[in-house]
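Same order as they appear, the protein sequences are chains B and S. FYI, this note's numbering numbers position 70 of the first sequence as 113, with every residue one higher than the one before it. FYI, this note's numbering numbers position 161 of the second sequence as 204, with every residue one higher than the one before it. Ideal Cβ placement from N, Cα and C applies to all residues, glycine included.
2 protein chains.
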Amino acid sequence: MPRAGLDPDVVAAGAAALADEVGLPNVTMGLLAERLGVRSPSLYKHVDGLADLHHRVAVLALTELGDALRDALQGRAGRDALAAAATAIRGFAVAHPGRYAATVRVDVHAPDDPLAAAGARVLDSLAAILAGYDVDPADTVHALRLLRSLFHGFAVLEAAGGFQLATDVDDSFTWLVEFVDRGLRG
Amino acid sequence: MPRAGLDPDVVAAGAAALADEVGLPNVTMGLLAERLGVRSPSLYKHVDGLADLHHRVAVLALTELGDALRDALQGRAGRDALAAAATAIRGFAVAHPGRYAATVRVDVHAPDDPLAAAGARVLDSLAAILAGYDVDPADTVHALRLLRSLFHGFAVLEAAGGFQLATDVDDSFTWLVEFVDRGLRG
DNA sequence: CTCCTGTGGCTAAGGTTGTTAGCCATACGC
DNA sequence: GCGTATGGCTAACAACCTTAGCCACAGGAG
């Protein structure tokens, strides 16, 4: 019987893919193991239980989201940058609902937790958007929280099916980006 | 052995209180039953399983939130109304994290689901805020979604401990309300 | 007052899932 | 080529949700 060639990253990637398919709460050790061609106790050789698995998926997701944001912001500034970032986040949440869900409700454990670094990279991208506007440095942290809250809230509500008239959601999204752009330009 | 005097509402109220204390995911049938002085199978005489329990907690929470909003908006308009509503939502989410968490990720089952009515009442309150501004009727739905996304995102991030410098969160909140007020005034 | 019925408790039991313990074979370093 | 750590496995346990089926109490009918 050949070995399956697993390691923590492969397991986390499998969990992320599975979460996108069946929803994060339905990612079970047994199901993931089956998907990886292995029995569930074997996963514990690579991952320290379900909580650790969620943590790793969160790191993976935030890293991917950070990459997507960085790509989207290349060579853009001001309103273009804002729109591109918003679209990137929304697109990520829609295309990878399981991964995105994992980014909520996770705690940083150690001071050198890679989750903190991945999160910081995402924040850096959002801060780069603000650089294109004339925001009072004292208000930067507030504006950052505005962007986070708004994008995150929109993503969560859309993922949960919280908006009724599904057809208008795209319109609402662009309207919302415009609203923020106007507000940030003062 | 005297009867415990339970009914669906009492069970849901107990679940809500328990959720606020230990977190919604940690509300287990056994724990709730113990809290109510009963064994877990007895709960099934009043409630149709854990999913139904979550549903009922969501209805209860949305109803309470709707009441809080209605109270907060009494006799206020424009920026005062906006600030009062925002504070009410945030206060509710902070004071009742378990209840608030239950309002996310719930589905309306029947057309006469009380959840839909409770949610509609909350939306009505938000719509009432917009009445105090000069919003193009065609944009009302977008502005509503702005408010929902922003308030909800802020509440989720704050509840998840997503903001680092905890001391500035109040400042960010008022800054954010001002930002929206300015934007809505055009 | 007595009986009858339905409601709301209970114990017992089964299925699923997370997790640990302990075994054994494989792949790699010397 | 051999030893050793690694990465599979089976077995087993605990927690939880849920169902089945029993029994006692409460309240109304006669």
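Legend entry - Contact with chain S by B/G204, beta-carbon distance below 9 Å: Chain S places a beta carbon closer than 9 Å to that of B/G204, counting this residue as a contact.
Inset, instruction - Take B/A198 as the anchor and find which of B/V147, B/L187, B/A101 has the nearest alpha-carbon. - result: Out of B/V147, B/L187, B/A101, B/V147 has the C-alpha closest to the C-alpha of B/A198.
Inset, instruction - For S/Y143, name the three-state secondary structure that DSSP assigns. - result: helix
Inset, instruction - Can you give me, in chain order, the residues of the segment 169–192 of chain S that have a beta carbon less than 7 Å from any beta carbon in chain B? - result: Going along the segment 169–192 of chain S in chain order, one finds D182, V184, H185, R188, L189, R191, S192 with a Cβ nearer than 7 Å to chain B.
Inset, instruction - Check the Cβ-Cβ distances between S/D214 and every residue of chain B, and say whether any is below 9 Å. - result: Contacts with chain B at 9 Å (Cβ-Cβ) include S/D214.
Legend entry - Residue-chain proximity (B/F222, chain S), Cβ-Cβ < 9 Å: yes
Inset, instruction - Assign S/Y87 to one of two classes, buried (16 or more other C-beta atoms within 10 Å of its C-beta) or exposed (fewer than that). - result: exposed
Legend entry - Three-state class that DSSP yields for B/H152 in the structure shown: coil
Legend entry - C-alpha gap between S/A203 and B/T210, whole angstroms: 31 Å
Legend entry - Per-residue burial, B/V137 [other beta carbons within 10 Å of its own, 16 or more giving buried]: exposed
Legend entry - The alpha helix (DSSP H) enclosing B/A186, as first and last residue numbers: 183–202
Legend entry - Residue range of the unbroken alpha helix (DSSP H) whose run includes S/H98: Where S/H98 is concerned, the enclosing alpha helix (DSSP H) stretches over 93–116.
Inset, instruction - Ignore the nearest five residues each way along the sequence and tell me which others in S/V178's own chain have a CB closer than 7 Å to its CB. - result: A186, L227
Inset, instruction - Identify the contact partners of B/R148 in chain S, using a Cβ-Cβ distance below 8 Å as the criterion. - result: A203, listed in chain order.
Inset, instruction - Over the uninterrupted alpha helix (DSSP H) stretch that includes B/P157, give me the two end residues. - result: Element bounds for B/P157: 157–174.
Legend entry - Where B/T210 falls: helix, strand or coil (DSSP): helix
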